[in-house]
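Asks: One structure, as structure tokens, below. Some questions next.
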Amino acid sequence: MEENKEKSTIVLFSGELDKAIAAFIIANGAAAYDHEVTIFFTFWGLNTLRKEGPVQVKKGVLERMFGWMMPRGASKLGLSRMNYAGMGPQMIKHVMKKHNVLTLPQLIELAREQGVRLVACTMTMDLLGLQKEELLDGIEYGGVAAYLGEAADGKVNLFI
Amino acid sequence: MEENKEKSTIVLFSGELDKAIAAFIIANGAAAYDHEVTIFFTFWGLNTLRKEGPVQVKKGVLERMFGWMMPRGASKLGLSRMNYAGMGPQMIKHVMKKHNVLTLPQLIELAREQGVRLVACTMTMDLLGLQKEELLDGIEYGGVAAYLGEAADGKVNLFI
Amino acid sequence: MEENKEKSTIVLFSGELDKAIAAFIIANGAAAYDHEVTIFFTFWGLNTLRKEGPVQVKKGVLERMFGWMMPRGASKLGLSRMNYAGMGPQMIKHVMKKHNVLTLPQLIELAREQGVRLVACTMTMDLLGLQKEELLDGIEYGGVAAYLGEAADGKVNLFI
């Protein structure tokens, strides 16, 4: 980490495919511009980081219900508009492939390769009953203090 | 007000419980970091500031309809996802209590104690037919000029 | 363009009337404050820029479907809440007129007169099958690099 690198942060609050794609395209762009980029995943945005398969963890009833109702990972997210019971995401994925746009899992992979920091919000993990074992390996964990520490020096700070 | 305090601003446009919680957690965090924080409430975000009980004010028919259809205050907001006719907010409130997270009314109270400025957008109050008597006592009122005056010096400016 | 002008940027991702109004009110306010303002239209936000009438262009089936399903221009957008099959937008437009608030098409016109740059995201135009002929004349086109070039120097950067 160099002293004079620009910082940029994104809070990914939303759990929709289209918003997650927008977040990762901006994050990857900023990383390519040599910004030090951090994405904070909170509330429904945490679903972007979920592993695809079921993970064996001990949970209370409410937490288990949240776990069932929320999408398991980047490939399962719906759209914020025109979701049409999952047909919309298929259409978007189809045109993304046609236009050689990276898929969301590929955008996440690229972000990690570029050193974008992925930080899961521990407070909302507690609220939604998500445990570390259920999220992608190798991410970071933090709270609002970690976020503000980065954002206070950030050039571009977005809430998505 | 000291000269060298960092400023941060949040536009709270959305009227959902989860987004309002996120806004106030960030605002309270920034205030704890000694930022001078202002939240501008516009459109549906204004509902966060409504008093709970009905307030006697003179209104036109349309304004009265908006008043009926919109939630009365921080305890009545729904979720942006998984609202399930109000069951979702109950689940979230239940897990928040279980994890000792402050409720939204408590987060608002804490914000006021920390000196976070709460500014209601007068133009959208007009549009939605909300009058000062219907909003919490002791808040401020302003328009886009007031917002930009703060945001132009802001370190962290978010639209939620 | 003067050297020392403040820059502000807005990413308009959302395709709803209320969010587009908020974006243009902030943009016009910032322009009145002599900021150099750029709005980047991506995903559903692109619908704000669509011409009202049908435009003859060659398209694939999926792109044609997206074109049918999405609103044609600023006068056709719905609300993010209380849309009620189009009744909500009529109510909002009615109270905007009553309170002498500019309509969205007028806000767009004012933005252009004030020199606000309107930039359509070419990547999402491809994804949604929107062609230049279908969008308002005289706008600009760009990608994430163009956005970051502005936002890195921006005082107020919002994602709406």
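Residue numbers (the working numbering), protein chains in the order written: chain V, 5 to 164; chain X, 5 to 164; chain E, 5 to 164.
Quick reminder that beta carbons are idealized off the backbone N, C-alpha and C, glycines included.
Report the partner residues of L16 (chain X) according to the DSSP bridge assignment.
Replies: Here residue 16 (chain X) corresponds to residue number 12 of the second sequence, with the count starting at 1. Partner(s): X:F45.
Asks: In whole angstroms, give me the CA-to-CA distance for C125 (chain X) and G146 (chain X).
Replies: Your numbering for residue 125 (chain X) matches position 121 in the second sequence. Your numbering for residue 146 (chain X) matches position 142 in the second sequence. Going by the C-alpha atoms only, they are around 5 Å apart.
Asks: Would a C-beta distance cut-off of 8 Å place L50 (chain V) and T128 (chain V) closer than the cut-off?
Replies: Along the first sequence, one-based indexing puts residue 50 (chain V) at 46. Along the first sequence, one-based indexing puts residue 128 (chain V) at 124. Yes, these two residues count as a Cβ contact at 8 Å.
Asks: Could one say the Cβ of L152 (chain E) lies closer than 8 Å to chain X's Cβ atoms, at least one of them?
Replies: Working through the third sequence from its first residue, we reach residue 152 (chain E) at position 148. With 8 Å as the cut-off, L152 (chain E) does not count as an interface residue toward chain X.
Asks: Between the alpha carbons of M5 (chain E) and E144 (chain X), how many angstroms are there, rounded?
Replies: Taking the third sequence and counting its residues from 1, one reaches residue 5 (chain E) at position 1. Taking the second sequence and counting its residues from 1, one reaches residue 144 (chain X) at position 140. Note that M5 (chain E) scores 46 on pLDDT, short of 50, meaning its location in the model is unreliable; the coordinates nonetheless yield the value given after this. Distance between the alpha carbons of M5 (chain E) and E144 (chain X): 36 Å.
Asks: Note down, in chain order, every chain V residue with its Cβ under 9 Å from the Cβ of L81 (chain E).
Replies: Within the third sequence, residue 81 (chain E) is the residue found at index 77, counting from 1. Under the 9 Å cutoff, chain V gives no residues; its nearest Cβ is about 11 Å from L81 (chain E).
Asks: Output the boundary residues of the alpha helix (DSSP H) element that contains Y151 (chain E).
Replies: Locating residue 151 (chain E) in the third sequence gives position 147, counting from the first residue. Note, Y151 (chain E): alpha helix (DSSP H), V148 to A155.
Asks: Does L66 (chain X) come within less than 8 Å of chain E when only Cβ atoms are used?
Replies: In the second sequence, counting from the first residue as 1, residue 66 (chain X) sits at position 62. At least one chain E Cβ lies under 8 Å of L66 (chain X).
Asks: Return the residue from the list V:G158, V:E138, V:N87 and V:A150 that minimises the CA-CA distance to K63 (chain V).
Replies: As a first step, residue 63 (chain V) is located in the first sequence; it is residue number 59 there, counting from the start. When only C-alpha atoms are compared, the closest one is V:E138.
Asks: Once the 5 residues before and after V123 (chain V) are set aside, which same chain residues still bring their CB inside 8 Å of it?
Replies: Looking up residue 123 (chain V) in the first sequence gives position 119. Once the five neighbours on either side are set aside, the close Cβ partners of V123 (chain V) are T42, I43, F44, F45, I143, E144, Y145, G146, A150 and Y151.
Asks: Measuring only between beta-carbons, confirm whether M5 (chain E) sits less than 8 Å from chain V.
Replies: Indexing the third sequence from 1 puts residue 5 (chain E) at position 1. Below a pLDDT of 50, predicted positions are generally treated as unreliable, and M5 (chain E), at 46, falls in that range; no measurement from the model is reported.
Asks: If we define contact as Cβ-Cβ less than 8 Å, is K159 (chain V) a contact residue for chain E?
Replies: For the purposes of this step, residue 159 (chain V) is taken as the residue at position 155 of the first sequence. Yes, its Cβ sits closer than 8 Å to a Cβ of chain E.
Asks: Please work out which residues of its chain come closer than 6 Å, Cβ to Cβ, to L140 (chain V), disregarding the five sequence neighbours upstream and downstream, and give them in chain order.
Replies: Here residue 140 (chain V) refers to the residue found at position 136 of the first sequence. Same-chain partners within the cutoff: L53.
Asks: Is the segment 151-160 of chain X close to the segment 30-39 of chain E, with three or more CB pairs under 8 Å?
Replies: Verdict: yes, contact present.
Asks: Kindly indicate which three-state DSSP category L108 (chain V) falls into: helix, strand or coil?
Replies: What you label residue 108 (chain V) is simply residue 104 of the first sequence in a count that begins at 1. Helix.
Asks: Name the chain V residues whose beta carbon is nearer than 8 Å to that of M86 (chain E)?
Replies: As a position in the third sequence, residue 86 (chain E) is number 82, starting the count at 1. Correct list: empty, because the minimum Cβ distance to chain V is about 16 Å.
Asks: What are the residues that DSSP puts in a beta bridge with Y145 (chain E)?
Replies: Here residue 145 (chain E) corresponds to residue number 141 of the third sequence, with the count starting at 1. Paired residues: E:A124.
Asks: Give, in chain order, every residue of the segment 40-70 of chain V whose Cβ lies closer than 8 Å to some Cβ of chain E.
Replies: Listed by position along the chain: nothing, the set is empty.
Asks: How big is the Cα-Cα spacing for D157 (chain V) and K11 (chain V)?
Replies: Taking the first residue of the first sequence as 1, we reach residue 157 (chain V) at position 153. Taking the first residue of the first sequence as 1, we reach residue 11 (chain V) at position 7. Cα to Cα, the separation comes out at about 6 Å.
Asks: So which residues on chain V does D130 (chain E) lean against when the C-beta distance must stay under 7 Å?
Replies: Translated into positions along the third sequence, residue 130 (chain E) becomes position 126. Simply H103.
Asks: Using the DSSP secondary-structure output, state which residues sit across from F163 (chain X) in a beta bridge.
Replies: Your numbering for residue 163 (chain X) matches position 159 in the second sequence. DSSP, once it has assigned bridges, lists X:V15 as partnering F163 (chain X).
Asks: If you check the beta carbons only, do V15 (chain X) and F163 (chain X) fall under 8 Å apart?
Replies: On the second sequence, position 11 is the one that residue 15 (chain X) refers to. On the second sequence, position 159 is the one that residue 163 (chain X) refers to. Taking 8 Å as the Cβ cut-off, V15 (chain X) and F163 (chain X) qualify as a contacting pair.
Asks: So, G77 (chain E) versus K55 (chain E), is the Cβ gap smaller than 8 Å?
Replies: The sequence position of residue 77 (chain E) within the third sequence is 73, counting from 1. The sequence position of residue 55 (chain E) within the third sequence is 51, counting from 1. Contact: yes.
Asks: What does the Cβ neighbour count give for H39 (chain X), buried or exposed, with the cut at 16 atoms within 10 Å?
Replies: Position 35 of the second sequence, counting from 1, holds the residue named residue 39 (chain X). Buried, since its Cβ has 16 or more Cβ neighbours within 10 Å.
Asks: Cβ closer than 7 Å: which chain X residues qualify as neighbours of G19 (chain V)?
Replies: Against the first sequence, residue 19 (chain V) aligns to sequence position 15. Going along chain X in sequence order, the residues near G19 (chain V) (Cβ under 7 Å) are R85.
Asks: Check whether chain X comes within 8 Å of M95 (chain V), counting only Cβ atoms and requiring the distance to be less than that.
Replies: For the purposes of this step, residue 95 (chain V) is taken as residue 91 along the first sequence, with counting starting at 1. No, no contact with chain X.
Asks: Classify E117 (chain X) as buried or exposed, calling it buried when 16 or more other Cβ atoms lie within 10 Å of its own Cβ.
Replies: Locating residue 117 (chain X) in the second sequence gives position 113, counting from the first residue. With fewer than 16 other Cβ atoms within 10 Å, it is exposed.
Asks: Determine, using beta carbons only, whether I25 (chain E) and L134 (chain E) come nearer to each other than 8 Å.
Replies: Here residue 25 (chain E) refers to the residue found at position 21 of the third sequence. Here residue 134 (chain E) refers to the residue found at position 130 of the third sequence. The answer is no: Cβ separation not under 8 Å.
Asks: Should F163 (chain V) be flagged as near chain E, meaning a C-beta pair shorter than 8 Å?
Replies: Your numbering for residue 163 (chain V) matches position 159 in the first sequence. Closer than 8 Å: yes.
Asks: By the 10 Å Cβ neighbour count, where 16 or more other Cβ atoms means buried, how is V65 (chain V) classified, buried or exposed?
Replies: As a working note, residue 65 (chain V) is residue 61 in the first sequence. With fewer than 16 other Cβ atoms within 10 Å, it is exposed.
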